[in-house]
Amino acid sequence: MHIVFCGAAGTVTGSCHLVEVGGRRILVDCGLYQGGREVEQQNEEPFGFDPREIDAVILTHAHLDHCGRLPLLVRRGFRGRIYATAATYDLARLVLADAAHVMAEDARYESRRAAKRGEPEVFPLFDLVDVFDTIDRFGPKVRYGHGFEPIPGVRATFHDAGHILGSAFVELEIVEDGEVVRVVFSGDLGQPGRPILHDPVPCPPCDVVVTEATYGDREHRSLEESVEELYDAIRKAHRRGGNVLVPTFALERAQELLYFLREGFEQGRLPKGVRVFLDSPMAISATEIFERYPDDFDEDACKVACAGGDPFRFPNLIMTRDTEASKGLARFTSGAVILAGSGMCTGGRIRHHLRRELPRRESAVVFVGFAALGTPARRIIDGARSLRLFGEEVPVRAQIHTVGGFSAHAGQRELLDWWRASGPARTTAIVHAEPAAARAYKARLEGTRVVIPRLFERLKLSGLGRPAAKGK
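And the structure:
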């Protein structure tokens, strides 16, 4: 019995963990590397295993850094089943189709540039056909708390991770050679006490925990302070006669922002003249998917829905799906709040808005999510005086705000509270974290052997469990 760390080792993206049991192989997640060009080149590299030898995939949630290489896995020979919750299945279809579209557009653009240099055509990592083939491999859909057997000798159970709609952490009970080992993979863990989704379920007692530590070195600001900071940035930009850009992740972040913007207008904390534009086809579709799963909402969001309202919609919200409507936002020189992707400004419509608004001192850019090293968002946050967009250097004169409390990830304290419920586990592996965050989190863990694995490092599971009950 082994775990091989085939992604998210020493970095926050590319989650992919291989579990080997009795000659069979399961993957927990198969995500894209996201960040600068150098980071993303890793997506084309070999997986570190033969996709044809993978028997099943267990998908924790639908963020690209957890599901984004599934179509490539299928293209290279995977023919097993992909297990996920119903909401994750719906969101993953949307996310993967959008990724294929973006990759096709990027490949066409790069091919035109390559042709001018006499270089070969550029091809996308995967295409829509690969996505459709991947969707065919999903099923059956799994409910929280209901065990299933992806391969003989392994029983898996999803528990609510409270990160995005449908997100789960997975508990594996592995039996081999008279020994049973319980392993928990955290996926991504959300913050408790947030609106819309339920709080993360505590980690069950287990022998091994493979845990994310994206924010293992810090706490988030309180949600109340973060909401007020967002409102304040909007009010000040409105008084200056400018606009507000919010680079937004389409899943969870966009819906949470809509939730609080609705509250802000209803409570009179935001100016009535402000118009909000959700300028992201994927975020619009994701919001519609959220609305299909009211049973997954927490008490606060349920109250709004049960009263006949919609947690994510309000009168001055305008959703812009098509390209022409997005281009038309250029006519709004003040009083607009524009939510657009991508959250790290690596692509999407936000880059067009940034080119227009960054040079304007009266406007503001509000970052409400994690920005990986090397991304345009991180460069702006770190104080860059200009940003290269569409071949030109664009000066950064707009007011820049970083509002950390909206993160969909647990902070250090919440991570520790979740982990302590494990027993503590005999062994803890820290993944999905930049090196400094992993080291800081390791220093807080007591009573466990801590591993910060390198890429493709193997963790032996045999000997970490206990004797199996007779008959197993």
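Every letter in the sequence shown is one number past the one before it in numbering that gives the first Met the number 0, and letter 391, counting from 1, is 390.
All C-beta atoms, glycine included, are put in the ideal place defined by N, C-alpha and C.
If you're wondering where the values come from, they're calculated on a predicted model, not measured in any experiment.
Asked                                                                                                                                                                                        : Found
Measuring alpha carbon to alpha carbon, tell me which residue in THR10, ARG23 and VAL3 is nearest GLU16.                                                                                     : One point to set straight first is that residue 16 is His, not Glu, in the sequence displayed. Among THR10, ARG23 and VAL3, the Cα nearest to that of HIS16 belongs to VAL3.
If we ignore side chains and look at the alpha-carbon of each, how far apart do SER166 and LEU256 end up?                                                                                    : 19 Å
Which two residues bound the contiguous beta strand (DSSP E) that contains LYS326?                                                                                                           : Per DSSP, LYS326 belongs to no beta strand (DSSP E); it is in the alpha helix (DSSP H), 322-326.
Between which residues of its own chain and ASP198 is the CB-CB distance below 6 Å, once the five residues before and five after are set aside?                                              : GLY161 and PRO191
Within this structure, are the beta carbons of GLY34 and SER14 separated by less than 8 Å?                                                                                                   : no
Apply the 10 Å Cβ neighbour rule to ALA468 and answer buried if 16 or more other Cβ atoms are within range, or exposed otherwise.                                                            : exposed
At the level of alpha carbons, what is the spacing between CYS301 and ILE173?                                                                                                                : 37 Å
Determine contact between the stretch 271-286 and the stretch 395-410, defined as no fewer than three beta-carbon pairs at a distance below 8 Å.                                             : no
So who's on the other strand from PRO394, going by DSSP bridges?                                                                                                                             : SER385
Based on Cα-Cα distance, which residue from MET343, ARG261 and ALA114 lies nearest to THR401?                                                                                                : MET343
So who's on the other strand from ARG459, going by DSSP bridges?                                                                                                                             : This sequence places Lys at residue 459; Arg is not what is there. Beta-bridge pairing links LYS459 to HIS1.
Specify, as a first and last residue, the run of the alpha helix (DSSP H) that LEU26 falls within.                                                                                           : Unbroken run through LEU26 is the beta strand (DSSP E), 23-27; no alpha helix (DSSP H).
Measure from the alpha carbon of ASP89 to the alpha carbon of each residue in VAL73, HIS145, ARG112 and GLU290, then state which is nearest.                                                 : GLU290
Alpha carbons only, please: which of LEU414, ILE81, THR87 and HIS219 is nearest the one belonging to PHE369?                                                                                 : HIS219
For GLY472, tell me which candidate among GLU175, ARG360, ARG354 and ARG377 has the shortest Cα-Cα distance.                                                                                 : What the structure shows of the chain is the stretch from 0 to 471, and residue 472 is not part of that stretch, so it cannot be assessed.
Please go through the same chain and pick out, in chain order, the residues whose beta-carbon is closer than 8 Å to the beta-carbon of PHE48, but skip the five residues on each side of it. : VAL3, CYS5, LEU17 and ARG24
Check each candidate in ILE150, VAL56 and PRO246 and name the one with the smallest Cα separation from ARG350.                                                                               : PRO246
What residues match up with TYR82 in a beta bridge as DSSP calls it?                                                                                                                         : ILE57
Would you kindly report the start and end of the unbroken alpha helix (DSSP H) that includes HIS352?                                                                                         : 349-356
List the whole-angstrom C-beta distance separating ASN242 from PHE331, where the pair is believed to meet the contact cut-off of C-beta under 8 Å.                                           : 7 Å
Quick check: the Cα distance between GLU178 and SER461, rounded to an integer number of angstroms?                                                                                           : 8 Å
Using alpha carbons as the reference points, say which of ALA371, ARG359, LEU26 and VAL367 lies closest to ARG384.                                                                           : ARG359
DSSP state of PRO293, grouped into three classes?                                                                                                                                            : helix
Give the range of the beta strand (DSSP E) segment to which GLU148 is assigned.                                                                                                              : 147-150
Can you round the beta-carbon distance between SER333 and GLY240 to whole angstroms, since I take them to be within the 8 Å contact cut?                                                     : 5 Å
Quickly, what does DSSP pair ARG154 with across the bridge? List them, please.                                                                                                               : GLU172
Is the beta carbon of GLY9 closer than 8 Å to that of ARG387?                                                                                                                                : no
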